[in-house]
Each structure stands twice: as C-alpha cells, then as structure tokens.
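*Asks:*
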Amino acid sequence: MYDPSHLRTFLAVAQTLSFTQAARRLGLRQSTVSQHVRRLEDATGRTLFSRDTHSVELTEDGEAMLGFARRILEVHEQASAFFAGTRLRGRLRFGASEDFVLTRLPEILEGFRHDHPEVDLELTVELSGTLHERLAAGKLDLVLAKRRPEDPRGELVWHDRLVWIGADRLRPDPERPVPLIVYPPPGITRALALEALERQGRAWRIVCTSGSLNGLIAAARAGLGVMAHSRGLIPPGLVRVPDRFGLPELGRVDFVLVHGHRHTPAQEAADALAAAILAGGDRLHRR
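Number 286 marks the last residue of the sequence shown (numbering that gives the first Met the number 0); no jumps.
1) Alpha carbon to alpha carbon, how far is E62 from R175?
2) Tell me which same chain residues have a C-beta within less than 7 Å of the C-beta of G259, skipping the five on either side of it?
3) Report the CB separation of E125 from G94 in whole angstroms; it is logged as a contact under 8 Å.
4) From this set, L104, H115 and Q14, which residue's C-alpha is nearest G295's C-alpha?
5) Check for me: the beta strand (DSSP E) holding G110 runs from which residue to which?
6) Looking at the structure shown, is V100 part of a helix, part of a strand, or coil, going by DSSP?
7) If contact is defined by three or more beta carbon pairs under 8 Å, each pair taking one atom from either stretch, is the segment 144-158 in contact with the segment 14-22?
8) Extract the residue ranges of the alpha helix (DSSP H) inside the segment 208-250, only unbroken runs of 4 or more that lie entirely within it.
9) Just to confirm, are L249 and I216 a CB contact at a threshold of 8 Å?
10) Might you give, ordered along the chain, the residues of its own chain that have their beta carbon closer than 6 Å to the beta carbon of R286, omitting 5 neighbours on each side?
11) Going by C-alpha distance, which of A265, Q199, Y182 and A275 is nearest M226?
12) Below 8 Å, how does it come out for the segment 71-82 and the segment 202-220: are there three or more Cβ pairs, yes or no?
13) For G89, list the residues DSSP reports as bridge partners.
14) Using the Cα positions of D98 and H228, report the straight-line distance between them to the nearest angstrom.
15) Leaving out the 5 sequence neighbours to the left and right, which residues in its chain are closer than 7 Å to L87 when beta-carbon positions are compared?
16) From L37 to F82, what distance separates their C-alpha atoms?
17) What do you reckon, are the CB atoms on F9 and A68 nearer than 8 Å?
18) How far does the alpha helix (DSSP H) with D270 in it reach, from first residue to last?
19) Could you please give the first and the last residue of the uninterrupted beta strand (DSSP E) stretch that includes R50?
20) State buried or exposed for P178, treating a residue as buried only when at least 16 other CB atoms are found within 10 Å of its CB.
21) Please tell me whether I187 and G224 are closer than 8 Å, where the distance is taken between their beta carbons.
22) Look up L179 in the DSSP assignment and say whether it is helix, strand or coil.
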C-alpha cells in the first residue's frame with residue numbers, strides 16, 4: 000500500500016521541514032519530492048503536511064505517519080538484508096555529539112546492532128567541534144553532530160533553531176551581564192551564543208563551563224544562568240527564556256551526518272548506520 004521510496008521521501012521532508020533540503024538529501028528533483036508526498040497523501044487519504052511559500056509543518060496525521068513510516072522501512076531493510084544474504088563485518092568508529100545524550104539515539108544503535116551483529120560499533124560522545132576534528136584526523140568513520148550554518152559538509156538530518164533556555168524561575172536582569180552556561184571551546188553553540196551577544200553589544204559572563212550536557216543541565220536547573228540550545232532538544236526541567244528579557248536571536252543550526260575517508264573497510268557499515276539514522280531521525284527530536 001505504501002511505496003518505500005515515498006516513505007523515505009516523506010521522512011526526509013518531515014525531518015528537514017523543507018522540500019528543497021529533502022531533495023538534496025535524496026538526490027532527487029524537488030518536483031519528484033512533491034510528487035512522492037502527494038502520492039503518499041493520496042494513498043493514505045490524509046494531508047500529511049501543511050505548507051505555504053514560507054514554511055512546512057507536519058499535520059496531526061503526518062505526526063502519526065512518522066512512526067509507521069519508520070517501522071515499515073525498518074522491516075523492509077531487514078527483509079532485504081536477509082534475502083540478499085550479505086552480512087556486514089568490521090569495526091565502525093561512530094561519533095555522536097553531546098546533544099543526543101538524552102534522545103532515543105540508543106534505540107537506533109540497538110536496532111543497528113541487531114541487524115548487523117558482526118559489526119563492532121565503537122561509540123564516541125563528544126562536542127560537535129571536537130568530533131569534526133577527529134573525523135578530519137581519520138580517527139572516526141562517521142559523525143552525527145551540529146555544523147555551523149555556513150559549513151557545507153555533511154548530509155542534513157534536520158535543521159533547527161537555537162534558543163535560550165534556563166530554569167522556569169530564572170529572571171535575567173537586563174541591566175547586568177548575561178550569566179552564561181556553556182560548553183568549552185570548540186563548542187559550536189558556545190561560539191554562536193557569544194557571537195550573538197557581541198553583535199547585540201550585550202555584556203556577558205560565563206558562570207559555568209562543562210563538556211558534559213548533564214553538567215550544563217544541572218547548572219541550568221539550579222538557576223545559575225542561561226544556555227543556548229536546540230529548540231527541538233530542550234531537556235526536561237528547562238524552558239525557553241521569554242523574549243521580553245531581550246536576549247538576542249541565535250539563528251539556526253544544522254544536525255548532519257558526516258562520513259570520514261571513503262574507500263575504507265568501514266564504509267559499508269558507515270553507510271548502513273547513516274541510513275538507519277536518517278530513517279529513524281524522528282526519534283532524535285523532543286516533540
């Protein structure tokens with residue numbers, strides 16, 4: 000009833016909220032992406048996206064289709080691998096940024112290990128900037144991390160906006176320096192937050208630095224200050240800082256998959272894990 004190619008296109012649009020970005024990810028023309036979505040909507044008899052010239056959003060039925068599409072594609076891939084009779088082997092060095100510590104990424108990795116039990120998965124959790132450095136040095140095979148908006152590297156998983164978050168009771172004083180909770184260099188959100196404050200001419204002071212997301216969350220929950228964070232990944236117990244406190248806009252951030260050196264023994268395993276992450280990308284959001 001549901002064509003797997005149409006489901007893959009649907010997931011790409013749902014994760015990027017952009018027909019243009021989905022087309023780039025899939026290597027299709029934008030008209031083909033629109034056609035796939037239209038045919039899937041015809042098959043379901045429901046509208047899956049509300050869209051105009053400025054934005055694309057999932058409808059309630061589109062949200063429901065996310066889980067169905069992911070499960071259908073997972074079973075499809077499992078059946079294809081089984082009957083193809085090929086088994087991936089070797090060591091795969093995978094790096095994931097701290098942003099995903101509290102998401103359902105472990106479920107995706109568990110499914111990958113189930114489907115490819117002979118792949119030795121070596122996981123590194125670090126700052127996005129550090130992961131990009133290690134990838135460039137040949138120490139990782141695949142990275143799931145943030146990139147700066149002007150950086151062309153990587154395959155887009157989804158894009159999001161950065162927002163200021165903190166404890167619900169926090170009331171930043173506009174007459175005093177902004178108390179910041181940040182990752183150490185080369186943290187991408189740290190750099191973007193400082194650049195935004197500098198552009199606004201707003202004074203700031205760093206009240207907490209930690210390379211661990213859990214450390215930053217603990218400081219924010221204690222009310223020590225504010226932190227820049229992806230809107231789609233706001234941790235429990237923290238909220239967006241209201242606009243009335245006058246903090247500057249932080250802009251958008253992209254989450255991407257970046258492959259290391261191609262033509263290595265790990266390439267096939269890296270491709271398989273990348274496909275699993277793209278298919279299950281909705282698990283990485285806090286909707």
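Note that CB positions come from ideal geometry on N, CA and C, so glycine has one too.
*Replies:* According to the structure data:
1) Here residue 62 refers to the residue found at position 63 of the sequence shown. Here residue 175 refers to the residue found at position 176 of the sequence shown. Approximately 42 Å between the Cα atoms of the pair.
2) Position 260 of the sequence shown, counting from 1, holds the residue named residue 259. Answer for G259: L134, G137, L139, D140 and L141, listed in chain order.
3) Numbered from its first residue, the sequence shown carries residue 125 at position 126. Numbered from its first residue, the sequence shown carries residue 94 at position 95. The C-beta distance from E125 to G94 rounds to 6 Å, short enough to meet the 8 Å contact threshold.
4) Any answer about residue 295 is impossible in this case: the structure gives the chain only from 0 up to 286.
5) The residue labelled residue 110 in the question sits at position 111 within the sequence shown. It is not in any beta strand (DSSP E) - G110 instead sits in the alpha helix (DSSP H) that spans L104 to D114.
6) Stepping through the sequence shown from its first residue, residue 100 is reached at position 101. Coil, per DSSP.
7) By the Cβ criterion, the segment 14-22 is in contact with the segment 144-158, since at least three pairs of Cβ atoms, one from each stretch, lie closer than 8 Å.
8) DSSP runs (the alpha helix (DSSP H)) wholly in the segment 208-250: 212-220.
9) Here residue 249 refers to the residue found at position 250 when the sequence shown is read from its first residue. Here residue 216 refers to the residue found at position 217 when the sequence shown is read from its first residue. In terms of Cβ geometry, L249 and I216 do not form a close pair [threshold 8 Å].
10) As a first step, residue 286 is located in the sequence shown; it is residue number 287 there, counting from the start. Any reading at R286 must be qualified, since the residue scores a pLDDT of 45, below 50, and its modelled position is unreliable; no value is offered.
11) One-based indexing of the sequence shown puts residue 226 at position 227. Ranking A265, Q199, Y182 and A275 by Cα distance to M226 puts Y182 first.
12) Verdict: no, contact absent.
13) Position 90 of the sequence shown holds residue 89. Its beta-bridge partners are V118.
14) Here residue 98 refers to the residue found at position 99 of the sequence shown. Here residue 228 refers to the residue found at position 229 of the sequence shown. Just so you know, the alpha carbons of D98 and H228 end up roughly 9 Å apart.
15) In the sequence shown, counting from the first residue as 1, residue 87 sits at position 88. Residues H115, E117, V118, E267, A268 and A271 of the same chain have their beta carbon placed closer than 7 Å to that of L87, with the five preceding and five following residues left out of the count.
16) Taking the sequence shown and counting its residues from 1, one reaches residue 37 at position 38. Taking the sequence shown and counting its residues from 1, one reaches residue 82 at position 83. In the sequence under discussion, the amino acid at residue 37 is Arg, which differs from the Leu named in the question. As the crow flies, the alpha-carbon of R37 is around 31 Å from that of F82.
17) Counting from one through the sequence shown, the residue named residue 9 turns up at place 10. Counting from one through the sequence shown, the residue named residue 68 turns up at place 69. Yes.
18) Counting from one through the sequence shown, the residue named residue 270 turns up at place 271. Start and end: Q266 to A278.
19) Counting from one through the sequence shown, the residue named residue 50 turns up at place 51. That run of the beta strand (DSSP E) goes F48 to R50.
20) By 1-based counting over the sequence shown, the position of residue 178 is 179. Counting Cβ neighbours within 10 Å, P178 comes out buried, since at least 16 surround it.
21) As a working mapping, residue 187 is identified with position 188 in the sequence shown. As a working mapping, residue 224 is identified with position 225 in the sequence shown. Going by C-beta atoms, I187 is not nearer than 8 Å to G224.
22) Within the sequence shown, the letter at position 180 stands for residue 179. In the structure shown, L179 adopts extended strand secondary structure according to DSSP, grouped into three states.
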